[in-house]
Every structure is written in C-alpha cells, then in structure tokens.
Amino acid sequence: MAGNRTFTMLKPDAVGASKSGAIIKIIEEAGFRIIAMKKTMLTPERAGEFYTVHKDRPFYKDLCRYMSSGFIVPMILEKENAVEDFRKLIGATDPAKAAPGTIRNLFAKSIEANAIHGSDSDENAIIEGNFFFSNLERF
Ligand code: CMP
304 MAGNRTFTML KPDAVGASKS GAIIKIIEEA GFRIIAMKKT MLTPERAGEF YTVHKDRPFY
364 KDLCRYMSSG FIVPMILEKE NAVEDFRKLI GATDPAKAAP GTIRNLFAKS IEANAIHGSD
424 SDENAIIEGN FFFSNLERF
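Using my numbering, the letters of the sequence shown correspond one by one to residues 304 to 442.
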C-alpha cells in the first residue's frame, strides 16, 4: 500500500446524519478510487485499540465512547500521493480551523465529532487498513 493508498473512516456523526453518500461523492470526484469499504460499528474496546496512540490524551475516553456510538464507514482509498492529498481534502482536525470547502469544514460538528478520519502516514495507512480489512493483497 506504500505511497498510493490511504485509510479513511466516516465517523458516527457523519453516517448518522446520512452524509455518507455526499462525502463519498467528494472523495471520488477528488480522484480517489475506493479499494475496500464497509459499514460497521466499533465496540468501545475496539475504538480504544484503533486510537491507542491517543491513550494518554484527556479526550481518549470520550473519543472511544463517541467512536462506538453509531455506524462508521471505513475505507481504503487509492490515488497518487494518497495520504497527503487526502489530509488536504478533509482539512484540519478542528472544523473551526478547517479550510473552506474541506470535508470537515462542510460536515464536521466539533473537534471530536469531526466527520472523518484520514491516516497521517503511509505506515499508519497500512496499519489502520489492516485493522478493518483482510485479504488486501487481492485488491
Ligand atoms: P482523528 O483525525 O480521527 O484522530 C484522533 C481523533 O481524536 C480526532 O480525529 C478527533 O475525533 C479526536 N480529537 C482530537 N483532538 C481532540 C480534542 N482536543 N478534543 C476532543 N477530541 C479530539
């Protein structure tokens, strides 16, 4: 997956507000190809595992509760320079700081309920993709 793939996940606020289709349209129109996608839910324990890098942050417990509060849509995406280009497309973590037209600027409700996740490195894209999907060598 090195270089041209990233991992993303539509979060419970966006999925619950029926914005999955609108967000996926933006992603595809920006040139990302969907390699894998599903609609699923995390338990608080699985959410904690996914976000283990943040386990010492004050928002960790709330984040795990929030991320297990509704459906999510994890996806693996393909495009040249995928990680960096996708981070630009979604905008800053805090929607108040996200550039106009970015997915978080358009859809996020708060710094926690910020509509979408995007991997921050090629290495994490692989780890996060493998967290949700298996048999990726077939795609
Ligand atoms: P994400 O990009 O998925 O990575 C970690 C998540 O933690 C982030 O999006 C937000 O959902 C959440 N998060 C980050 N910073 C804060 C914060 N200061 N307060 C609450 N939640 C946060």
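Ideal Cβ placement from N, Cα and C applies to all residues, glycine included.
A quick note: this is a predicted structure, and the numbers were derived from the prediction, not measured.
Asked: Taking its Cβ as the centre, do 16 or more other Cβ atoms sit within 10 Å of M304, making it buried, or is it exposed?; Found: Summary for M304: the model assigns pLDDT 44, below 50, so the residue's position carries little reliability; its value from the coordinates is reported in the next sentence. Flag for M304 reads buried.
Asked: Within its chain, find whatever has a CB closer than 7 Å to the CB of K393; leave out the 5 residues flanking it on each side and keep chain order.; Found: This sequence places Ile at residue 393; Lys is not what is there. Excluding residues within five positions, the ones whose Cβ falls inside 7 Å are T405, I406, R407, I419, G421.
Asked: By a C-beta neighbour count over all protein chains shown, 10 Å radius and 16 as the cutoff for buried, is T355 buried or exposed?; Found: exposed
Asked: Tell me the rounded alpha-carbon separation between N433 and K412.; Found: 28 Å
Asked: State the beta-bridge partners of I379 as determined by DSSP.; Found: F310, A339
Asked: State the DSSP-derived secondary structure class of M304, mapped to helix, strand or coil.; Found: Because M304 sits at a pLDDT of 44, beneath the cut-off of 50, its placement in the model cannot be relied upon, and the point is left open.
Asked: Out of R368, F374, P361, which one is the CA nearest neighbour of P347?; Found: R368
Asked: Taking G324 as part of the alpha helix (DSSP H), name the residues at either end of that continuous run.; Found: 323-332
Asked: Is G404 helix, strand or coil when you go by DSSP?; Found: coil
Asked: Select from K314, D425, R441 the residue whose C-alpha is nearest the C-alpha of V376.; Found: K314
Asked: Would you say the beta carbon of F353 comes nearer than 6 Å to a heavy atom of the ligand CMP?; Found: no
Asked: Could you spell out the range, first to last residue, of the alpha helix (DSSP H) harbouring G319?; Found: 315-319
Asked: Quick check on this structure: which residue in A395, I430, A333 has the alpha carbon closest to the alpha carbon of F353?; Found: I430
Asked: From the DSSP output, which residues share a beta bridge with G421?; Found: T311
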